[in-house]
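4 protein chains.
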Amino acid sequence: MIWNDLKDYACEGDLVQLIGRSHQYFIVRLKSGSEFQSHRGVIKHDDLIGLQWGSQVLSHKGNPFYLMQPSLADVLKDIPRTSQILYPKDIGFILISMDIGPGKRVVEAGTGSGAFTTALAYAVGSEGMVYSYDVRPDIQKVAISNVAQLGMTDRVVFKQRDISDGFDEQGVDALFLDLPNPHDYLGPSRDALKAGGFLGGILPTANQMTLLLTALYRYDFAFVEVCEIMLRYYKTEPTRFRPTDRMVAHTGFLYFARPIIKNETVEGQSGKDTVEKDQEQDRS
Amino acid sequence: MIWNDLKDYACEGDLVQLIGRSHQYFIVRLKSGSEFQSHRGVIKHDDLIGLQWGSQVLSHKGNPFYLMQPSLADVLKDIPRTSQILYPKDIGFILISMDIGPGKRVVEAGTGSGAFTTALAYAVGSEGMVYSYDVRPDIQKVAISNVAQLGMTDRVVFKQRDISDGFDEQGVDALFLDLPNPHDYLGPSRDALKAGGFLGGILPTANQMTLLLTALYRYDFAFVEVCEIMLRYYKTEPTRFRPTDRMVAHTGFLYFARPIIKNETVEGQSGKDTVEKDQEQDRS
Amino acid sequence: MIWNDLKDYACEGDLVQLIGRSHQYFIVRLKSGSEFQSHRGVIKHDDLIGLQWGSQVLSHKGNPFYLMQPSLADVLKDIPRTSQILYPKDIGFILISMDIGPGKRVVEAGTGSGAFTTALAYAVGSEGMVYSYDVRPDIQKVAISNVAQLGMTDRVVFKQRDISDGFDEQGVDALFLDLPNPHDYLGPSRDALKAGGFLGGILPTANQMTLLLTALYRYDFAFVEVCEIMLRYYKTEPTRFRPTDRMVAHTGFLYFARPIIKNETVEGQSGKDTVEKDQEQDRS
Amino acid sequence: MIWNDLKDYACEGDLVQLIGRSHQYFIVRLKSGSEFQSHRGVIKHDDLIGLQWGSQVLSHKGNPFYLMQPSLADVLKDIPRTSQILYPKDIGFILISMDIGPGKRVVEAGTGSGAFTTALAYAVGSEGMVYSYDVRPDIQKVAISNVAQLGMTDRVVFKQRDISDGFDEQGVDALFLDLPNPHDYLGPSRDALKAGGFLGGILPTANQMTLLLTALYRYDFAFVEVCEIMLRYYKTEPTRFRPTDRMVAHTGFLYFARPIIKNETVEGQSGKDTVEKDQEQDRS
Chain A
55 MIWNDLKDYA
65 CEGDLVQLIG
75 RSHQYFIVRL
85 KSGSEFQSHR
95 GVIKHDDLIG
105 LQWGSQVLSH
115 KGNPFYLMQP
125 SLADVLKDIP
135 RTSQILYPKD
145 IGFILISMDI
155 GPGKRVVEAG
165 TGSGAFTTAL
175 AYAVGSEGMV
185 YSYDVRPDIQ
195 KVAISNVAQL
205 GMTDRVVFKQ
215 RDISDGFDEQ
225 GVDALFLDLP
235 NPHDYLGPSR
245 DALKAGGFLG
255 GILPTANQMT
265 LLLTALYRYD
275 FAFVEVCEIM
285 LRYYKTEPTR
295 FRPTDRMVAH
305 TGFLYFARPI
315 IKNETVEGQS
325 GKDTVEKDQE
335 QDRS
Chain B
55 MIWNDLKDYA
65 CEGDLVQLIG
75 RSHQYFIVRL
85 KSGSEFQSHR
95 GVIKHDDLIG
105 LQWGSQVLSH
115 KGNPFYLMQP
125 SLADVLKDIP
135 RTSQILYPKD
145 IGFILISMDI
155 GPGKRVVEAG
165 TGSGAFTTAL
175 AYAVGSEGMV
185 YSYDVRPDIQ
195 KVAISNVAQL
205 GMTDRVVFKQ
215 RDISDGFDEQ
225 GVDALFLDLP
235 NPHDYLGPSR
245 DALKAGGFLG
255 GILPTANQMT
265 LLLTALYRYD
275 FAFVEVCEIM
285 LRYYKTEPTR
295 FRPTDRMVAH
305 TGFLYFARPI
315 IKNETVEGQS
325 GKDTVEKDQE
335 QDRS
Chain C
55 MIWNDLKDYA
65 CEGDLVQLIG
75 RSHQYFIVRL
85 KSGSEFQSHR
95 GVIKHDDLIG
105 LQWGSQVLSH
115 KGNPFYLMQP
125 SLADVLKDIP
135 RTSQILYPKD
145 IGFILISMDI
155 GPGKRVVEAG
165 TGSGAFTTAL
175 AYAVGSEGMV
185 YSYDVRPDIQ
195 KVAISNVAQL
205 GMTDRVVFKQ
215 RDISDGFDEQ
225 GVDALFLDLP
235 NPHDYLGPSR
245 DALKAGGFLG
255 GILPTANQMT
265 LLLTALYRYD
275 FAFVEVCEIM
285 LRYYKTEPTR
295 FRPTDRMVAH
305 TGFLYFARPI
315 IKNETVEGQS
325 GKDTVEKDQE
335 QDRS
Chain D
55 MIWNDLKDYA
65 CEGDLVQLIG
75 RSHQYFIVRL
85 KSGSEFQSHR
95 GVIKHDDLIG
105 LQWGSQVLSH
115 KGNPFYLMQP
125 SLADVLKDIP
135 RTSQILYPKD
145 IGFILISMDI
155 GPGKRVVEAG
165 TGSGAFTTAL
175 AYAVGSEGMV
185 YSYDVRPDIQ
195 KVAISNVAQL
205 GMTDRVVFKQ
215 RDISDGFDEQ
225 GVDALFLDLP
235 NPHDYLGPSR
245 DALKAGGFLG
255 GILPTANQMT
265 LLLTALYRYD
275 FAFVEVCEIM
285 LRYYKTEPTR
295 FRPTDRMVAH
305 TGFLYFARPI
315 IKNETVEGQS
325 GKDTVEKDQE
335 QDRS
């Protein structure tokens, strides 16, 4: 069962979030007889089971905590990491740009810590499917556990394999490359995608992006878009409304492209893409 | 049937996207016997029906177009507008921040042109439900048509009513306020949300945000977050990689909050929210 | 004598910058017989005196340091602070927007730590003059010392006084308000400025800005501009070119305005300013 | 005489700015007997001569204009352009980062339209000097005229020459490269700069930056900084305070570096620069 099913009360076995003062939060699984321990005091799981979401509880030291169902974004931020993870600001835009919704079949390479795998599994729902590839078994093991924690094991097929040999799937709706050298895998990616499907990915450096852009045009991907997303939080004091002092400046460059069927009789089309792209530069 | 169902070929009745040089695109519904007309020439629908997605077709003037299934983001940008619409950059982050996925029940006020309604309907899937309120019947009419075009009519209940009288729903997972004066509707919003549910919205000005922040604390909403998302596109020439010249500077401030159950014995908690919030300012 | 006078070699009495590995730097005044001490080792001032700028020296522990003349920006970052200081990113734009150059007479209120005072004194040169007001004698004392360190004492007149009583100067070219409540001092500011002079300032919150904007129109200031400057650094590895991970998200909103002479016969002009301003919004 | 000398009234021969409704402005030189003509009507120069700065005048059609002394930023925006010009947001930060103030000797290559030449001439004052190189005589001609218009001819030496042959100057305080291939000119630049002087420049693309970064380390430049400045304007309505809708997304990457004297006995220092640079990444 998925972690955020509709229930008004916390039950044995639920994944819950305890939020203390200053918004520090902890995500734990309720188990009768267990205890939640932090430097702000102890709370017995039995005191939480049966309590309504949004309730306030006090630790044995008298410190208040709120009992909440964790959001996907909260879970993502809390995920045990073996590598750089995707942030919610990027995930949200990727999902909507690649049309990833209920029932879709999506390939991901590589798995990493499984943060994006989790987001994909949530978005495609019980009727969709995610195929996640990674060469490193130890890393994928963590992702498998992360997805299981959220009750979405049956939505993800994990594969420990080098994608140089190609993907097993064909005709998938979307394919996401979270790899440092995506330009090496555009052939297999094209083979796995359905006609007119969505290719996407993220890269940290401009050097990688220039390598990829060259390769995308060579492999007949078109409608290429590259962007970055900057998220700025504000202080929430009504009488002193202003941005926070610091922010994340960079996570990565996002890219999107779609495979086209190149017509021999009309040449130079993908080159045009680049040249005339500027007219659409401001769309958001 | 939803507009982007898996098919390799364009069929009669499909919503298709024709993308010309310089990425200008047109979204049309295929109907045998009809013609697509633009200043770049005419294409017969019958020449498109049966063609594989990603194929290139030539207009009678010899101008090339690609035949694609439109993405949700493409459809949103193309939607007939009666009012300011939400942009994909904001929609993606809202959906993930409010845990809106397959099976969720979501209330929206107001409907506007139905751009966000459409995104909600897509994300909650066939097992979820969207309840969309607007007091202006003429505006909602356009939204109803937009949702129908995408084959998602059965996922949305439209209501033409002033929400001052409250919402009909109770225990919804998420509630989104796309209104200029959300501070006036926090009571009804709280009543409609499930315990620990997600409240969200967008506001253009700082003045509106300060009014809302004051009201949120008064109505026992906590874990308030306010942010803005800046999206910057890059030119896609591999040998001249750089940001585009201009960008959208502002669409609105996004806000998120969750209703808590205030415990009488522990005072001043929500005030604390504000004061200690800065420690988490940099999370993204 | 000003700190950055043209000399090829470091001399007794010079303000010098020692930059170690990882760009950590120290600003010290050379004095024969003295020693520079850091956790990376000791360097005798006598070993630095007579050395060419840009030279590398080794501490007694063998750690390398470069001997440089500090830039104004380096000095500003190093200034002993009694309060929030202006950053170089804001200072540069303020100076150019307010036409502050050689020979200009400029009023500043309040002095603060003297970071901006220093930048003003440098820009107006030996033929200009800066008048800096602050009510807090202890704070201004630090600023006086900071300006003296850089050899620009004769370019600044410090005044310890409440500006509610007005400024002593008249006909100044520019006036900068670094105060939390500038809306209370627009009358005196107008009186001090020359016809068509430049008013400027910085404010941290949106709430303060809305108060000020209302007051500016009431006091016949026009051509009001409000902006913010975001500075993003890049990593300087040629093979991994990308923005740094984090950045400053907010220092303050900058505002600029110019006093006009209101003509009784033409009404509603300053109101127009606001309404039609958007047409120029994109200028940079 | 410099264009913005202190005078309370507009005089024959003055460069003046006429600002109409919606902040549209015109910069003209006053000449008795002449007329200012726009679609909003005609104003006789004789009606302006003798008028106080900040005064309102009406065109013959009754449209109001304000008479102002143009700021340097206003002049820069109005400059006749033969090529891409530097924006005030970048100019301000460049001047302060390179310590360009009264009395400094500065080299610029290439001249372009003379916008930055003008800003340099203003900043170094009557005791400083600017040496501006460009290989294209027709382009430099425009710049010479622009500088003359502002009364700063005696502060700039223009040279029509290819800088591959080196600069004539030695020991200059700062050197700015506004060229597409600065990596080709680092040797001559190093020769012209004083020990510990300031090198700076601007480049539009990431590709150019990676070429330059490699070259900078090879030519013993250190303390390399690369950044970009984003300027966001706000609407100035007090009751609807918010950013403007659109903004400039990119002008160029700014870079700064300083020549050091490489000590043979301490190896690998400049490589270290890069690696450890990240610790200072957030400074602004």
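Protein chains in written order, with this note's numbering: chain A, 55 to 338; chain B, 55 to 338; chain C, 55 to 338; chain D, 55 to 338.
For glycine and all other residues, C-beta sits at the position ideal for the given N, C-alpha and C.
These numbers come from a predicted model, not from an experiment.
Going by DSSP, which residues form a beta bridge with residue i?
i      : result
G220/A : Answer by DSSP bridge pairing: none, since G220/A is not bridged.
F252/C : A228/C
Q106/D : Y63/D
E162/D : S186/D and F230/D
K213/A : Y187/A
P236/C : DSSP lists no partner for P236/C.
M301/C : M301/A
G74/A  : F119/A
E282/A : R286/B
Residue i to residue j, Cα distance in whole Å?
i      : j      : result
C65/B  : Q123/B : 11 Å
L72/A  : P134/A : 17 Å
T207/C : D59/D  : 25 Å
Y176/B : G250/A : 19 Å
F212/B : Y187/B : 6 Å
S180/B : R209/B : 6 Å
D68/D  : A202/D : 13 Å
G182/D : P156/C : 10 Å
Q91/C  : Y141/C : 28 Å
Give a yes or no on whether the C-beta atoms belonging to residue i and residue j are separated by under 7 Å.
i      : j      : result
I315/C : G108/D : yes
T136/D : I81/D  : no
F147/C : G254/D : no
A260/B : A260/C : yes
V96/D  : S76/D  : no
F221/A : P234/A : no
V278/C : T293/D : no
A196/A : S167/A : Looking at the sequence shown, residue 196/A is not Ala but Val. Yes.
G285/D : K143/D : As written in the sequence, residue 285/D is Leu, which differs from the Gly given in the question. Yes. Within cutoff.
L229/C : L247/C : yes
I154/D : V161/D : no
Sort the options by Cα distance to residue i and report the nearest one.
i      : options                           : result
Y287/D : F307/C, T298/C and Q224/C         : F307/C
A169/B : L240/B, G95/B and V129/B          : V129/B
L121/D : S180/D, V184/D and D101/D         : D101/D
L216/B : H99/B, A127/B, V210/B and T165/B  : Sequence check: residue 216/B is Asp here, not Leu. Selected option, being the one with the closest Cα: T165/B.
Q78/A  : L84/A, L174/A, M152/A and P118/A  : P118/A
Q138/D : Y309/D, L266/D, I256/D and L285/D : I256/D
I283/B : R83/B, L270/B, T305/B and Q203/B  : T305/B
A173/C : N200/C, P191/C and V189/C         : N200/C
V178/C : I198/C, A163/C and M152/C         : M152/C
V70/A  : I103/A, R94/A, S92/A and M55/A    : I103/A
L265/A : I150/A, K98/A, D238/A and H99/A   : D238/A
Under 7 Å between C-beta atoms, does residue i make it to chain E?
i      : result
T290/B : Here the protein chains are A, B, C and D, and chain E is not one of them.
- chain D contacts from the segment 258 to 287 of chain A (Cβ-Cβ distance under 7 Å): A260, N261 and T264
- Against chain C: residues of the segment 301 to 312 of chain A by CB proximity under 9 Å: M301, V302, A303, H304, T305, G306 and F307
- Contact list for the segment 133 to 147 of chain B against chain A, Cβ threshold 7 Å: Y141, P142, K143, I145, G146 and F147
- Message: Please list, in chain order, the residues of the segment 62 to 86 of chain A that have any C-beta partner in chain B closer than 7 Å.
- Response: D62, I73, R75, S76 and H77
- Message: Output needed in chain order: residues of the segment 223 to 240 of chain D with a Cβ under 9 Å from some Cβ in chain C.
- Response: G225 and D227
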